[in-house]
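In the order they appear, the protein sequences are chains D and H.
Start counting the first sequence at 1; every next residue gets the next number (this note's numbering).
Start counting the second sequence at 1001; every next residue gets the next number (this note's numbering).
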Amino acid sequence: MAKRVSLSGNEAVAFGMKQINPDVVAAFPITPSTEVPQYFSQFVANGEVDTEFVAVESEHSAMSACIGAAAAGGRVMTATASAGLALMWEMLYVGASMRLPMVLAVTNRALSGPINIHNDHSDTMGARDSGWIQLYGESAQEAYDNLIQAIRIGEHKDVQLPVMVCYDGFITSHAVENLEMLDDEEVKKFVGVKREAPFALIGQDPVSMGPLDLPNHYFEHKRLQAEAMKNAKKVILEIAAEYEKLTGRKYGFFEEYKMEDAEAAIVVINSTAGTAKFVVDNLRAQGKKVGLIKIRVFRPFPAEELAEALKNVKAVAVMDKADSFSAAGGPLFAEVRSAMYGRADGKIVTNYIYGLGGRDVTTTQIEKVYADLFNAIETGKYEVYNYLGVRE
Amino acid sequence: MPNLKELSKKKVRFTGGHRMCAGCGAPMVVNWILKALDDDERAVISNATGCLEVSTCLYPYTSWKDSWVHTAFENAAATCSGTEAAFKALKKKDLLMESISS
Ligand code: SF4
Chain D
1 MAKRVSLSGN
11 EAVAFGMKQI
21 NPDVVAAFPI
31 TPSTEVPQYF
41 SQFVANGEVD
51 TEFVAVESEH
61 SAMSACIGAA
71 AAGGRVMTAT
81 ASAGLALMWE
91 MLYVGASMRL
101 PMVLAVTNRA
111 LSGPINIHND
121 HSDTMGARDS
131 GWIQLYGESA
141 QEAYDNLIQA
151 IRIGEHKDVQ
161 LPVMVCYDGF
171 ITSHAVENLE
181 MLDDEEVKKF
191 VGVKREAPFA
201 LIGQDPVSMG
211 PLDLPNHYFE
221 HKRLQAEAMK
231 NAKKVILEIA
241 AEYEKLTGRK
251 YGFFEEYKME
261 DAEAAIVVIN
271 STAGTAKFVV
281 DNLRAQGKKV
291 GLIKIRVFRP
301 FPAEELAEAL
311 KNVKAVAVMD
321 KADSFSAAGG
331 PLFAEVRSAM
341 YGRADGKIVT
351 NYIYGLGGRD
361 VTTTQIEKVY
371 ADLFNAIETG
381 KYEVYNYLGV
391 RE
Chain H
1001 MPNLKELSKK
1011 KVRFTGGHRM
1021 CAGCGAPMVV
1031 NWILKALDDD
1041 ERAVISNATG
1051 CLEVSTCLYP
1061 YTSWKDSWVH
1071 TAFENAAATC
1081 SGTEAAFKAL
1091 KKKDLLMESI
1101 SS
């Protein structure tokens, strides 16, 4: 039977990892992710898991060791944030192209420079094209649930890709929340004992992995990698349905909050959705037709489904907690607007860059975004690119 | 310790036909290093990016009769540390096949 617990996001993830009991965890500490490997190494030291913990000298080595372990056929997990993820960069691409399922818990933190330890999404948004599946969660509960599901998604035979499980640094990683955890036995049953590894360094036959791949084959391999990411869409929903049966908690590509008759909507990722839902409730009480979409799956990007969900709104504001310095909006905005093109045309679509470096986002600011959208609907006049909560 | 004559009789784990330059010393070095293994042992070889790597495992061919892995330039040891950890964990959990459990 599931049990109610009060845990921080990092504790929920560390306990989730304990229940999964992976073969190898290779990790290097970095704020605000440190507690995950710290708690987990205690489980290892206490003999509460069978995992081999590799204490490495950098995040580059952490990801390299994870790749070596996954290539061997092991079930592998790690955790990092910000500059740690940046130091893994080269190896993120290598791991994904080698089609190695691994699960990486990322506590989202601003990317240097200037150095800043607080939350925004510049770290994982930068890694969005590394070939990893990316799941995002609003709360400790969602971080935990995504973590358990991530194992199954990445290891599915039609996918065989690594998965990032992202949640907000400090806001989610350190705040203690009530959540429901599965029983150890239920998790064990859900994830299975041994990872399916069609090819493994330690397997039936010797295998060479990581060859030189020249122009006559490289393209086909990248095409197959792209196909795996497409397959992941179906698998993510299948695993979510199975998980719902077990827990009663429903997951999809994104959460639609009061979207049925919404005229003005915002699209947002992670913990800010909690603040925004409060605003939606208040505005709804005033009779305003507002709604919200919270992205759970950013890679693969659910383009068609999002366009469908936005087809009846008049105006939508896409909230980016990362700037892409493209001079043409943030990463989520670019993808949402492009997803709508030809599928949900004629809408007002605006972008708000907010909360960089952990700048608090307030209910007043989110109210302003909805007010801007209604103003745009009425007057037809609006700015596409906006910065929210910054001193100009 | 076996002498050179005895070592030369050991199993060859690295085959010819690779693209290393004719006369290159590296393949010979590899061959002799691998003779440290007993004939019934299996190895996992972690290879850094370089001549030896690009010339001996050019998709879809490989010269390596043991398992072999290449990930990047600077991290052959780190990669191998993960493989070793996986071996230990799988062994502890009794998930290794009989043939490779030693
Ligand atoms: S090291 Fe490379 S370039 Fe030098 S002889 Fe050997 S294969 Fe040729």
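Even for Gly, the Cβ is constructed at its ideal location relative to N, Cα and C.
- For H:ASN1075, the chain D residues whose C-beta falls within less than 8 Å of its own C-beta are HIS60, SER61, SER64 and MET91, listed in chain order.
- Going by DSSP, D:MET91 is part of the alpha helix (DSSP H) stretching over 82-97.
- For D:GLY329, no alpha helix (DSSP H) encloses it, and the DSSP letter there is neither H nor E.
- Per DSSP, H:VAL1012 lies in no alpha helix (DSSP H) and is assigned neither H nor E.
- When C-beta atoms of the region 304-311 of chain D are compared with those of the region 278-290 of chain D, fewer than three pairs fall below 8 Å, so the two segments do not count as touching.
- Between D:ASP184 and chain H, the shortest Cβ-Cβ separation is not below 8 Å.
- DSSP places H:TRP1068 in the uninterrupted beta strand (DSSP E) bounded by 1067-1069.
- Of the residues D:ALA105, D:SER41 and D:LYS258, the one whose Cα lies closest to the Cα of D:ALA285 is D:LYS258.
- With contacts defined by Cβ atoms closer than 8 Å, D:VAL25 and D:PHE40 form a contacting pair.
- Shown here is that no member of the region 1014-1039 of chain H has a Cβ falling below 7 Å from a Cβ of chain D.
- H:MET1097 is not bridged by DSSP to any residue.
- A contact between stretches requires three or more CB pairs, one per stretch, nearer than 8 Å, and the region 292-299 of chain D fails this requirement with the region 81-100 of chain D.
- The three-state secondary structure of D:CYS66, taken from DSSP, is helix.
- Not a single CB atom of chain H sits nearer than 8 Å to the CB of D:GLY169.
- Cβ proximity to chain H below 7 Å picks out ASP23, VAL24 and ALA26 from the region 15-39 of chain D.
- Using a Cβ-Cβ cut-off of 8 Å, H:MET1097 counts as an interface residue toward chain D, since at least one Cβ of chain D sits closer than that to its own.
- Using a Cβ distance threshold of 8 Å, D:ASP123 and D:SER82 count as a contacting pair.
- Boundaries of the alpha helix (DSSP H) around D:ALA309: 303-309.
- When DSSP assignments are scanned along the region 86-172 of chain D, the uninterrupted stretches of alpha helix (DSSP H) that are 4 or more residues long and fall wholly within it turn out to be 122-126 and 140-155.
- Taking a contact to require three or more Cβ pairs closer than 8 Å, the region 360-375 of chain D and the region 326-344 of chain D do not qualify as touching.
- Taking a C-beta distance under 8 Å as the contact criterion, D:GLY68 and D:VAL103 do not qualify as a contact pair.
- Listed by position along chain D, the residues whose Cβ is nearer than 7 Å to that of H:LYS1092 are ASP50.
- For D:LYS3, the three-state secondary structure derived from DSSP is strand.
- A residue is called buried once 16 or more other Cβ atoms fall within 10 Å of its Cβ, and D:VAL106 is buried on that count.
- Annotation: the region 242-287 of chain D contains the following complete segments of the beta strand (DSSP E) (minimum length 3 residues), in chain order: 254-257 and 264-269.
- Distance from the CA of H:GLU1053 to the CA of H:ALA1086, rounded to the nearest whole angstrom, comes to 23 Å.
- Residue range 176-181 is occupied by the beta strand (DSSP E) that includes D:MET181, with no alpha helix (DSSP H) assigned at that position.
- If you draw a straight line from the Cα of H:CYS1024 to the Cα of D:ASN10, it comes to about 52 Å.
- The beta carbon of D:LYS157 is closer than 8 Å to those of GLU196 and PRO198 in its chain, skipping five residues each way along the sequence.
- With respect to the 8 Å criterion, D:VAL191 and D:ILE133 are not classified as neighbours on the basis of their beta carbons.
- For D:ALA140 against D:ALA12, the beta-carbon gap comes to about 4 Å, under 8 Å, which counts as contact.
- D:SER33 places its beta carbon 8 Å or farther from that of D:LEU92.
- In the DSSP assignment, H:LEU1090 falls within the alpha helix (DSSP H) that extends over 1076-1092.
- When C-beta atoms of the region 311-323 of chain D are compared with those of the region 339-349 of chain D, three or more pairs fall below 8 Å, so the two segments count as touching.
- In this structure, the beta-carbon distance from H:THR1049 to H:HIS1070 falls below 8 Å.
- Membership of D:LEU292 in the beta strand (DSSP E) is indicated by the continuous run 290-295.
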